[in-house]
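Data block below; observations after.
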Amino acid sequence: MELRKAVQELNQDKVRPLYVCYGLESFRKSEFISFLTDKLVQPEEREFAVSRYDLAETSVEQVLEDVETSPFLVSRKLVIASNALFLTGAKDTGKVSHNLDHLLTYLKQPVDTCVFVLSVEADKLDERKKIVKQLKQQDCLLPFPVLSAEELNDWVVRRARSHQFSFAEGVADHLILCAGTNLHSLASEIQKLSIYIGIDGVVSKDIIDRLVVRTTEQNVFILIDYMVRRQIDQALSTLTELAKQKEEPIKLLALMARQFRMIIQVKESTQTGYSYQQIASAIGAHPYAVKIAAEQGKLYETRRLLQILSRLADLDYQMKSGQIDKWLGLELLLLDAAA
Numbered sequence: 001m002e003l004r005k006a007v008q009e010l011n012q013d014k015v016r017p018l019y020v021c022y023g024l025e026s027f028r029k030s031e032f033i034s035f036l037t038d039k040l041v042q043p044e045e046r047e048f049a050v051s052r053y054d055l056a057e058t059s060v061e062q063v064l065e066d067v068e069t070s071p072f073l074v075s076r077k078l079v080i081a082s083n084a085l086f087l088t089g090a091k092d093t094g095k096v097s098h099n100l101d102h103l104l105t106y107l108k109q110p111v112d113t114c115v116f117v118l119s120v121e122a123d124k125l126d127e128r129k130k131i132v133k134q135l136k137q138q139d140c141l142l143p144f145p146v147l148s149a150e151e152l153n154d155w156v157v158r159r160a161r162s163h164q165f166s167f168a169e170g171v172a173d174h175l176i177l178c179a180g181t182n183l184h185s186l187a188s189e190i191q192k193l194s195i196y197i198g199i200d201g202v203v204s205k206d207i208i209d210r211l212v213v214r215t216t217e218q219n220v221f222i223l224i225d226y227m228v229r230r231q232i233d234q235a236l237s238t239l240t241e242l243a244k245q246k247e248e249p250i251k252l253l254a255l256m257a258r259q260f261r262m263i264i265q266v267k268e269s270t271q272t273g274y275s276y277q278q279i280a281s282a283i284g285a286h287p288y289a290v291k292i293a294a295e296q297g298k299l300y301e302t303r304r305l306l307q308i309l310s311r312l313a314d315l316d317y318q319m320k321s322g323q324i325d326k327w328l329g330l331e332l333l334l335l336d337a338a339a
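When the sequence shown is numbered by the numbering used here, its final residue is 339 and no position is left out of the sequence of numbers.
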C-alpha cells in the first residue's frame, strides 16, 4: 500500500484495522501516525483511546490483549507498537519473546473497535516469514523509504507551500545543501523561514545563508562544492568562518577526504550505469548526497580527483607532524584543487 493511498482512504473515512509502518524515513512515518491519530481520536479522548508500546519491552501477546479489549469511554481506540523487529531479518536482541501465532490468529478476524499500528525502523521486511507474507496479502504494509534527490526537493517545496511561502528558483536545493537531508532538521528550518518571510513571501539564497544553522559536516559539504566549482572566494570565505568557529583543521581535512572518496566512488559507479538510489544503498549515503557527488565528479577527470585525494593524505601527515600551519595548509589545498 502506498502512503498516498492510505492518506486518501483516511480522508474518505475509510480506516483499516491494521497498519504496518516500516522504513528508514522516521519523520514521515511519525507524521503519518500523527495524521492517523488526528483522524481517529479527538484530543480530549486521547488519554483513554491511545496506547503506545515498545515491543523491545512488551510482548506482542500483551499488546494484543489491549487491542482486543473493548474501549473505555470511547467508541474506538488506537494501539501503536514500535520496534517490531520480528518482522525483519535483523536479530532481535531484546529480552522479550513474541508469540507470532497469536498475531496470525488475530489477522484472520481483527476487531473493529481498535486500529492497530505496528512500526519498525528497517528499510525492508523479511518476506520469507509467514507473518510478513500474511501482512502483505492483507495489503497493510506501508513503506517509508528514504526520499530520492528529486523527491526530497519536491518535499521541501511542498512543505514551504504548506507554510504559505515559496523559494526562489534553485533555493530549495540550497536549503538542503545547507541544512542537510534529515527531514526533522529541514522541517524545523522551514518553519523558521516561514516566520521570518511571512505569508506569500519568497525565500532567497541570501536569506538561507543568514538564517539556516549549518553543522560542521554541512559547512564542509558546501566548502567542497565551492572548491570543485572553482568559486574560490566563497570557498576561502567559508574556510574563514570555520576558523572563527574554532573548528579543528584535521577534522575538517578528514571530512573533506571522505567527501572526495565519495565523489570518486559515485563517478566510477555512474559510469557503469548504476542509479543514484542503487549507489546510495551500496555506499550507505543519502541519494541527495550521491546526486551532488555525481555533479561534482563531472567537473574533474578521475585522475585529477585521485591527485586531490593524495594531496589530502599528504597534508594530513604534514599537519600531524607539524611541518605546516594547519589553516595555511587548508588554504593552499583549496587554491591547488581549484586550479
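Yeah, the Cβ is synthetic: ideal placement off N, Cα and C, and Gly gets one too.
- Going by C-alpha positions, residue 132 is about 12 Å away from residue 118.
- Residues of the same chain with their beta carbon placed closer than 6 Å to that of residue 129 are lacking, with the five preceding and five following residues left out of the count.
- With a threshold of 16 other beta carbon atoms within 10 Å, residue 189 meets it and is buried.
- Residue burial is scored here from C-beta neighbours: residue 195 has fewer than 16 other C-beta atoms within 10 angstroms and is therefore classed as exposed.
- The C-alpha of residue 58 is placed about 17 Å away from the C-alpha of residue 69.
- At a Cβ-Cβ threshold of 8 Å, residue 100 and residue 86 count as neighbours.
- For residue 56, the closest alpha carbon among the candidates 91, 256, 153 is that of 91.
- Looking at the DSSP output, residue 119 sits in a beta bridge with 21.
- Per DSSP, the unbroken alpha helix (DSSP H) holding residue 251 starts and ends at 249–271.
- Distance from the CA atom of residue 275 to the CA atom of residue 263, rounded to whole angstroms, is 14 Å.
- Per DSSP, residue 7 is not a residue of any beta strand (DSSP E); the alpha helix (DSSP H) it occupies stretches across 3–11.
- With respect to the 8 Å criterion, residue 311 and residue 333 are classified as neighbours on the basis of their beta carbons.
- A contact between stretches requires three or more CB pairs, one per stretch, nearer than 8 Å, and the region 197–206 meets this requirement with the region 157–176.
- When the beta-carbon positions are compared, residue 25 and residue 253 stay at least 8 Å from each other.
- In this chain, residue 74 is not harboured by any alpha helix (DSSP H), its DSSP state being neither H nor E.
- Residue environment: residue 259 is assigned as buried (16 or more neighbouring CB atoms within 10 Å of its CB, all protein chains considered).
- Out of 77, 35, 28, 31, the CA that lies nearest to the CA of residue 52 is found in 77.
- Excluding the 5 residues flanking it on each side, residue 329 has same chain C-beta neighbours closer than 7 Å at 315, 318, 319, in chain order.
- Assignment of residue 143 by DSSP, reduced to helix, strand and coil, places it in the strand class.
- For the pair residue 297 and residue 261, the Cα-to-Cα distance works out to about 10 Å.
- In this structure, residue 17 and residue 49 do not form a Cβ contact; the two beta carbons are roughly 15 Å apart against a cut-off of 8 Å.
- The beta-carbon separation of residue 255 and residue 217, rounded to 6 Å, stays under the 8 Å limit for a contact.
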